[in-house]
Amino acid sequence: MDGQENEEQRAGDPTSPETERVRRLAAWRPGHRLRRVGVVLALLAVTLGGIVVGTYAGGHVGTDIGPFRAELKLSPSLTGGTTVDIPPLGALLLDSHDGPAYLTVEVGSLDQGRTEALIDDPASISRASQSAVQDVRDGVVRLGLKTLASAVLATLLLAGLVFRDVRRTAWAGGLALVITAGSLGLAAATVRPQAIEEPRYEGLLVNAPAIVGDARRIANDYTKYAEQLQRLVGNVSKLYTTVSALPVVQPSPGTTRVLHVSDMHLNPTGWQLIRTVVEQFGIDVVIDTGDLTDWGSEPEASYVGSIGLLKKPYVYIRGNHDSPRTAATVAQQPNAVVLNNSTTTVAGLTIAGIGDPRFTPDKETSPAGSGLTSAVADQVIGAGEQLARTVEKSPKKVDIALVHDPASAGPLSGACPLVLSGHTHARQVSKLPQAPGEQPTTLMVEGSTGGAGLRGLEGEKPTPLTMTVLYLDQQKLLQAYDEITVGGTGQSQVNLERHVIRDPAKGDEVPVTPTPTRGPSEPPSSSPSATATSPSPTTTG
39 MDGQENEEQR
49 AGDPTSPETE
59 RVRRLAAWRP
69 GHRLRRVGVV
79 LALLAVTLGG
89 IVVGTYAGGH
99 VGTDIGPFRA
109 ELKLSPSLTG
119 GTTVDIPPLG
129 ALLLDSHDGP
139 AYLTVEVGSL
149 DQGRTEALID
159 DPASISRASQ
169 SAVQDVRDGV
179 VRLGLKTLAS
189 AVLATLLLAG
199 LVFRDVRRTA
209 WAGGLALVIT
219 AGSLGLAAAT
229 VRPQAIEEPR
239 YEGLLVNAPA
249 IVGDARRIAN
259 DYTKYAEQLQ
269 RLVGNVSKLY
279 TTVSALPVVQ
289 PSPGTTRVLH
299 VSDMHLNPTG
309 WQLIRTVVEQ
319 FGIDVVIDTG
329 DLTDWGSEPE
339 ASYVGSIGLL
349 KKPYVYIRGN
359 HDSPRTAATV
369 AQQPNAVVLN
379 NSTTTVAGLT
389 IAGIGDPRFT
399 PDKETSPAGS
409 GLTSAVADQV
419 IGAGEQLART
429 VEKSPKKVDI
439 ALVHDPASAG
449 PLSGACPLVL
459 SGHTHARQVS
469 KLPQAPGEQP
479 TTLMVEGSTG
489 GAGLRGLEGE
499 KPTPLTMTVL
509 YLDQQKLLQA
519 YDEITVGGTG
529 QSQVNLERHV
539 IRDPAKGDEV
549 PVTPTPTRGP
559 SEPPSSSPSA
569 TATSPSPTTT
579 G
């Protein structure tokens, strides 16, 4: 009897071997095992959920790469890889690494201060290119540490809300640390630097094979051009000495100097050239006949910030590659005037202008593959007719009219003495057909001050950078003009061609032999002769 009581007492004792054996047996019961598996699965689910939430919430950092501000982002992925978003050109896809982490590099706007520093100091271009890899590496390291911390923190918070148990919350946090660190470590261990040599383009880069093949050459050309820029633009200050044998224009105090630029197409080197000419030639007002940008997107808007640095009035009309957003950003510059079927008076000149009716990226206003159809011609010519009516109604006599496409100039014949345009990337000077009893009208089509942007590198020879200095007398009639041509990207020849108007009232020109100005490293070469031909309208500016 006493033995049975002792056995029962031992069975009721929680520290006795019998009680521990009962617990172990109970733990192996099917119901208890299922509960343990459920807890483990719940722990994994909460951990993975916390990692995903934390990665999306905190897996991004901003970093400076040269003059650009870039956003680096990490996201969960089974295959890994990198996407470099370059608005508005499209995206570059790289098979850069394996692992469940995908990197996105979004190239944002240019920082104006750093951009100006790079342009003003060519040596800093080289330093920036050398430091770009380190900039990216530092940004990726900061991104990884921030993602790791965010994933662990999000997991701890989520586990605390779900389990309300310190031990399980700690397990979830530790598991998140191991999984996230392991994923990032796998990505780092499988990095393939050579992947950049085999990229894939998506988006607006429709000619991917050609562009990928030329990408290294284009980059090298731009670096070479930047390194030569100071020496090249320094030659501009010597242009008058070089052409001292030409008929010399002796501007009277009432002479107005106008710099005509057009079709910059996002080329940053064009701004330095404009600034040099504005300073050396004593420019009173800059006139831009459009296509500052390529696609009119928001990141491109920062490109127009250099307008304010010119410290001279800047009169602008929108080109077919400029969006209303671009025009609005130009209007925000303290020295800029945006004309859209309107007039303004600056530096004593009354100027009328109208923006291009098309916007190339918008296929409703500029149908793809439309060419110069009757509908497009009606749009373009109609813009000129609108401006002609505005000129006629102007209370002040209009001295210069601005259109982007020279095809818009026809209706302006007789309305004013001078019409400026761009769009064709080819410089032309001609007389518009004159109606009986009307004043003669000269049409001056500028080339591309930005060397046609990236498209200027697609041909065998890069497109030259062009701009024209106009001299207007006290009656606001053109008395002379200097055509300045700078060799395209990678070239260092500068040409100036002086043209003197014999009778400003009629616009008759004195023939002048063009004289080239060579860069220090260039062999002698002949300069192209100036010709006066009729404009050839096109819709591909």
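Okay, so the sequence shown: first residue is 39 according to the numbering used here, each after it adds one.
Note that the Cβ used here is the ideal one computed from N, Cα and C, for glycine as well.
In chain order, what residues of the same chain lie with their CB nearer than 7 Å to the CB of residue i, ignoring the 5 residues before and after it?
i: Leu-224; result: Asp-136, Gly-137
i: Gln-477; result: Gly-452, Pro-455
i: Ala-413; result: none
i: Gly-198; result: Thr-207
i: Asp-360; result: Gly-328, Asp-329, Leu-330, Thr-331, Gly-334
i: Thr-383; result: Lys-434
i: Ala-189; result: Gly-88, Ile-89, Gly-92, Thr-93, Ala-214, Thr-218
The alpha helix (DSSP H) spanning residue i covers which residue range?
i: Gly-580; result: Residue 580 lies beyond the range of the chain shown here (39 to 579); nothing can be said about it.
i: Ser-412; result: 412-431
i: Val-342; result: Premise fails: Val-342 is in no alpha helix (DSSP H) and is neither H nor E.
i: Leu-311; result: 307-318
i: Thr-398; result: Careful: Thr-398 lies outside any alpha helix (DSSP H) and carries neither H nor E.
i: Arg-363; result: 362-369
Taking 6 Å as the limit between beta carbons, can you name the residues of its chain near residue i, skipping five residues before and five after?
i: Val-418; result: Asp-443, Ala-445, Ser-446
i: Gly-88; result: Ala-192, Thr-193, Leu-196, Ala-214
i: Arg-180; result: Val-99
i: Gly-497; result: For Gly-497, the pLDDT reaches just 48, beneath the cut-off of 50, and the residue's location in the model is therefore unreliable, although a value from the coordinates is still provided. The answer is none, since no qualifying residue turns up.
i: Val-200; result: Val-84
i: Glu-144; result: Glu-109, Asp-123
Starting from residue i, follow its DSSP beta bridges and name the residues at the other end.
i: Gln-466; result: Val-483
i: Ser-600; result: Residue 600 falls outside the range modelled here, since the chain spans only 39 to 579, and no answer is possible.
i: Leu-503; result: Val-524
i: Arg-107; result: Asp-102
i: Ile-325; result: His-298, Val-353
i: Tyr-509; result: Arg-295, Ala-518
i: Pro-114; result: Ala-139
i: Gly-391; result: Ser-380, Leu-440
At which residues does the beta strand (DSSP E) containing residue i begin and terminate?
i: Asp-102; result: 98-103
i: Gln-517; result: 516-524
i: Val-375; result: 374-376
Out of the options, which one is the CA nearest neighbour of residue i?
i: Met-302; options: Ser-486, Ala-365, Gly-346; result: Ser-486
i: Ile-103; options: Tyr-509, Thr-364, Val-122, Leu-215; result: Val-122
i: Leu-3; options: Pro-542, Thr-117, Thr-307, Ile-522; result: Any question about residue 3 goes unanswered here, given that the chain covers just 39 to 579.
i: Val-532; options: Ser-468, His-298, Leu-503; result: Leu-503
i: Asn-378; options: Asp-332, Ala-83, Gln-371, Val-429; result: Val-429
i: Leu-297; options: Asn-305, Leu-304, Ile-312; result: Ile-312
i: Arg-540; options: Leu-534, Glu-521, Leu-510, Thr-523; result: Leu-510
i: Val-216; options: Thr-185, Asp-203, Thr-228; result: Thr-185
i: Ala-227; options: Ala-187, Ala-369, Ser-134; result: Ser-134
i: Ala-210; options: Leu-470, Leu-82, Lys-349, Val-457; result: Leu-82
i: Thr-293; options: Gln-512, Val-145, Val-538, Leu-304; result: Gln-512
Closer than 8 Å by C-beta to residue i: which residues in its own chain qualify, once you throw out the five before and the five after it? Chain order, please.
i: Gly-420; result: Pro-395
i: Ser-404; result: Low per-residue confidence applies at Ser-404: pLDDT is 46, beneath 50, and the placement is therefore not dependable, though the value from the model is reported in the following sentence. Closer than 8 Å at the Cβ level, and outside the excluded window around Ser-404, lie Asn-358, Arg-396, Phe-397, Thr-398, Val-414, Thr-577.
i: Pro-449; result: Ile-419, Gly-422, Glu-423, Leu-425, Ala-426
i: Thr-506; result: Leu-297, His-298, Arg-465, Met-482, Glu-484, Tyr-519, Asp-520, Glu-521, Ile-522
Should residue i be counted as a contact of the ligand HEM given a C-beta to heavy atom distance under 7 Å?
i: Thr-388; result: With respect to small molecules bound, the structure shown includes none, and the ligand HEM cannot be examined in it.
Next on the checklist: I want to know whether the region 315-324 touches the region 374-387 - three or more CB-CB distances under 8 Å.
Outcome noted: Cβ pair count under 8 Å is three or more, so yes.
Checklist entry - Three or more C-beta pairs closer than 8 Å, one from the region 350-359 and one from the region 433-442: is that the case here? => result Verdict: yes, contact present.
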